[in-house]
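Notes to accompany the following structure.
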Amino acid sequence: MTVVAAAIVQRGRLLVVSKKAAPEVFYLPGGKPDPGEGPLETLARELDEELGVTPLEPRLLGEFEGVAVLERVPLRLTVFRARIDGEPRPAAELAHMRWTAGEGDLRLASAIRNQVVPLLRSGGALAAA
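In case it helps, the working numbering puts the sequence shown at residues -14 to 114.
Here is the structure:
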């Protein structure tokens, strides 16, 4: 499964969301590409649908592999660092939205917890645990 997501960090905290299908597990906002859609198009569409915002100056953070929590299939996650153009508000299939330092205050999906958070922390975006 291919997913495109945004790592949005403000004041040392990462924006994460949970879905109504599994409200206790938090992910980066984003989703699966539609047929023929490029990664940046997917990112813009998903952030608009899920949070009502537009990504600003997206830069590739990295590509990560793991297992999708809900589907339990191999996951290829393309993550862009981005700012956003407004105040995010959860919509569509989202249950919750939180800002986290990634220190165990929330149950993060494994690829986020084990790969994305350490990378953001090593780059100084998130405070050290």
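Beta carbons are placed, not taken as given, at the ideal position from N, Cα and C, and that holds for glycine.
Check, Outcome
"Burial state of Val52 (16 or more Cβ within 10 Å)", "exposed"
"Nearest-angstrom beta carbon gap, Ala94 and Tyr12 [assumed within contact, 8 Å]", "5 Å"
"Gly15, buried or exposed, once every other Cβ within 10 Å from all chains shown has been counted against 16", "buried"
"Cβ-based burial, Gly23 [other Cβ within 10 Å; buried from 16]", "exposed"
"CB of Thr63 within 7 Å of CB of Glu48, strictly", "yes"
"Burial state of Val102 (16 or more Cβ within 10 Å)", "buried"
"Thr27 - containing alpha helix (DSSP H), residue span", "Pro24 to Leu36"
"Beta-carbon proximity of Leu79 to Glu35, cut-off 7 Å", "yes"
"Close Cβ partners of Thr(-13) (< 7 Å) along its chain, the five nearest in sequence each way excluded", "Lys17, Pro18 and Arg61"
"Beta-carbon contacts of Leu111 that lie in its chain and below 8 Å, excluding the five residues immediately before and after", "Val(-6), Gly(-3), Arg(-2), Leu(-1), Ala86, Gly87, Val102 and Leu105"
"C-alpha gap between Arg66 and Val2, whole angstroms", "16 Å"
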